[in-house]
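To start, the structure under review is shown below, and the notes come after it.
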Amino acid sequence: MGIPRAHHRRHTSPPSYSFAFPLLRVALTLTVLCLARLSPAAAGSLYNLVYKGCANQTFSGGGAAYGQTLAALSSSLTAQASNSKFYKTTASAYGGQSIFGLFQCRSDLSPSDCSDCVGRLPPMWSSLCGDAAAARVQLAGCYAMYQVSGFPQVSGTQMLYKTCGSGGGGGDFEVKRDTAFSQLQSGVAGGQGFYATSYGSVYTMAQCEGDLSTGDCSDCVAQAIQKSEVECGGAASGQVYLDKCYISYSYYANGVTTAGGGGGGGSVRGQTGKTVAIVVGGAAGVGFFIICLLFARSVMKKKEDY
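Quick note on numbering: the sequence shown equals residues -43 to -1, 1 to 263 in mature numbering (1 follows the signal peptide of the UniProt record, and there is no 0).
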């Protein structure tokens, strides 16, 4: 009985995958770069300065007392910003005037975005308003204000700031805008202190101060809408800030990119989310293609070895 012949197999080294790594690195690098470019833009728009209001009067309680009391107020406000979208408190001064303050974030912000937004405001009080007895700073995503005790109050519907876009919105723009405004008022009257909606190509949003009653909020928004129609006329966009509420509207010629609910920067943030999904999906597709290519090459290599 003979010894069976051994089948000698040609020695081969494992298939080399080194060519794939540069492709993987390129795909991952592009994904990281795209995300890095997109994320700050979405977050950064929340921190854009809209307006500042500074009292002509200065704090009369002494520099040291003023600084300590305002610092205590600032700490109290920023400490609450990760837990609440609206908060108000009073910091008492020993032998001096107490200071009332509050902050409010746009209701669609995440807790972390609200906290980051509010954290930027107290330093801006002093940098923009110095030792003013009252100050209010409005960013796109939040605002904060303070005033010393006894400071004169203003009407809740007093206009603090307005801005109107350039150009018009086309032939039937005002009809669409007025319909969107009507929907906005209905949403606010239904108990929504923050409400966003769109009609046709017009996006509108409103928010009232956090502790305003439904009736007062509805009245304030109605006043803001009326003022926007007077102040901005047929402008394609506008923002009107009253003491206790504000509204904004924008006309998008190609249609609103997100249905109501996004707030002042909703369409931008929604579009950013879609872009991120496309980028990540594209990177995943490239990775899957490379895996399939490696598998096919491995199978072909094995066939060649036999």
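Heads up, the beta-carbon is just placed ideally off N, CA and C, and yes, glycines get one too.
Check, Outcome
"Residue span of the beta strand (DSSP E) that contains glutamine 196, given as start and end", "194 to 199"
"DSSP state of threonine 154 mapped onto helix, strand, coil", "strand"
"Beta-carbon proximity list for alanine 38, same chain, < 6 Å, skipping 5 on both sides", "Cys71, Ser72 and Val75"
"With 16 other Cβ atoms within 10 Å as the buried cut-off, status of glutamine 180", "buried"
"Under the three-state DSSP convention, the category glycine 147 falls into", "coil"
"Separation of alanine 153 from glycine 10, as counted between CA atoms", "26 Å"
"Pick from Gln183, Thr15, Thr47 and Gln142 that is closest to leucine 30, judged by C-alpha positions", "Thr47"
"Bridge partner(s) assigned by DSSP for isoleucine 182", "Isoleucine 182 pairs with nothing; no bridge assigned."
"Selection from Asn5, Ser33, Gly148 and Tyr208 that minimises the alpha carbon distance to methionine 81", "Asn5"
"Own chain, CB closer than 6 Å to glycine 148, minus 5 neighbours either side, in chain order", "Thr171"
"Contact belief for tyrosine 160 with tyrosine 209 at Cβ below 8 Å, rounded distance in angstroms", "7 Å"
"Cβ-based neighbour list, proline 79, same chain, cut-off 6 Å, excluding 5 preceding and 5 following", "Ser31"
"Through-space distance from phenylalanine 60 to serine 158, alpha-carbon basis", "32 Å"
"Residue closest to cysteine 202, alpha-carbon to alpha-carbon, out of Tyr100, Ala21 and Asp129", "Tyr100"
"Reduced DSSP category for glycine 10 - H, G, I as helix; E, B as strand; rest coil", "strand"
"Boundaries (first-last residue) of the beta strand (DSSP E) holding valine 159", "159 to 165"
"Through-space distance from leucine 85 to leucine 34, alpha-carbon basis", "19 Å"
"Buried versus exposed call for glycine 98 [16 or more other C-beta atoms within 10 Å across all chains shown]", "buried"
"Glycine 128 to glycine 122 span [Cα, whole Å]", "17 Å"
"Extent of the continuous alpha helix (DSSP H) run through serine 83", "78 to 86"
"Leucine 169 (DSSP reduced to helix, strand or coil)", "coil"
"Lysine 42 versus cysteine 177 - alpha carbon distance", "20 Å"
"Helix, strand or coil at threonine 26 [DSSP, three-state]", "helix"
"Inter-residue spacing [alpha-carbon to alpha-carbon] between leucine 199 and threonine 114", "5 Å"
"Valine 213 classed as buried or exposed, judged by whether at least 16 other C-beta atoms fall within 10 angstroms", "buried"
"Leucine 59 (DSSP reduced to helix, strand or coil)", "strand"
"Beta carbon of glycine 24 nearer than 8 Å to that of glycine 125", "no"
"Where serine 49 sits in the DSSP three-state scheme", "coil"
"Those residues which DSSP pairs with glutamine 110 across a bridge", "Paired residues: none, contrary to the question."
"Where the beta strand (DSSP E) through threonine 120 begins and ends", "116 to 121"
"Where the beta strand (DSSP E) containing alanine 38 begins and where it ends", "Note, alanine 38: premise wrong, no beta strand (DSSP E); not H, not E."
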